[in-house]
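Okay, structure first, notes after.
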(Lines of atoms letter the chains of each structure in order from A and count residues from 1; the text may use other names and numbers.)
(Lines give C-alpha, C1' and ligand atoms only; values in the text may rest on other atoms or scores of the structure.)
Protein backbone atom coordinates (compact mmCIF):
# COMPACT_ATOMS: atom_id res chain seq x y z
CA UNK A 1 0.00 0.00 0.00
CA UNK A 2 1.20 3.51 -0.79
CA UNK A 3 1.91 6.01 1.91
CA UNK A 4 0.17 9.36 1.75
CA UNK A 5 3.33 10.98 0.33
CA UNK A 6 3.60 8.33 -2.39
CA UNK A 7 -0.04 8.83 -3.33
CA UNK A 8 0.41 12.60 -3.56
CA UNK A 9 3.57 12.07 -5.60
CA UNK A 10 1.80 9.87 -8.17
CA UNK A 11 -1.23 12.13 -8.34
CA UNK A 12 1.04 15.11 -8.96
CA UNK A 13 2.95 13.26 -11.67
CA UNK A 14 -0.31 12.23 -13.32
CA UNK A 15 -1.61 15.81 -13.27
CA UNK A 16 1.64 17.17 -14.66
CA UNK A 17 1.54 14.62 -17.48
CA UNK A 18 -2.12 15.26 -18.17
CA UNK A 19 -2.00 19.04 -17.99
CA UNK A 20 1.31 19.83 -19.65
CA UNK A 21 1.15 23.17 -21.49
CA UNK A 22 1.68 21.55 -24.90
CA UNK A 23 -1.17 19.10 -24.30
CA UNK A 24 -3.44 21.89 -23.11
CA UNK A 25 -2.63 23.94 -26.22
CA UNK A 26 -3.33 20.97 -28.50
CA UNK A 27 -6.57 20.18 -26.68
CA UNK A 28 -7.71 23.82 -26.92
CA UNK A 29 -7.01 23.77 -30.65
CA UNK A 30 -9.06 20.60 -31.08
CA UNK A 31 -11.92 22.09 -29.08
CA UNK A 32 -11.87 25.21 -31.25
CA UNK A 33 -12.00 23.04 -34.38
CA UNK A 34 -14.96 21.08 -32.98
CA UNK A 35 -16.68 24.32 -32.00
CA UNK A 36 -16.26 25.72 -35.51
CA UNK A 37 -17.63 22.55 -37.08
CA UNK A 38 -20.61 22.55 -34.73
CA UNK A 39 -21.31 26.23 -35.44
CA UNK A 40 -21.29 25.57 -39.18
CA UNK A 41 -23.64 22.59 -38.77
CA UNK A 42 -26.04 24.61 -36.61
CA UNK A 43 -25.97 27.54 -39.03
CA UNK A 44 -26.83 25.25 -41.94
CA UNK A 45 -29.60 23.56 -39.92
CA UNK A 46 -31.06 26.96 -39.00
CA UNK A 47 -30.87 28.05 -42.62
CA UNK A 48 -32.81 24.97 -43.76
CA UNK A 49 -35.44 25.53 -41.07
CA UNK A 50 -35.86 29.19 -42.02
CA UNK A 51 -36.26 28.30 -45.72
CA UNK A 52 -39.17 25.94 -45.09
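In this note's numbering, the protein residues as written are 62 to 113. All C-beta atoms in this analysis are idealised placements derived from N, C-alpha and C, irrespective of residue type, glycine included.
Just the Cα atoms here: how many angstroms apart are residue i and residue j?
i           : j           : result
residue 83  : residue 113 : 46 Å
residue 86  : residue 76  : 15 Å
residue 92  : residue 81  : 16 Å
residue 109 : residue 101 : 12 Å
residue 94  : residue 88  : 10 Å
residue 73  : residue 99  : 34 Å
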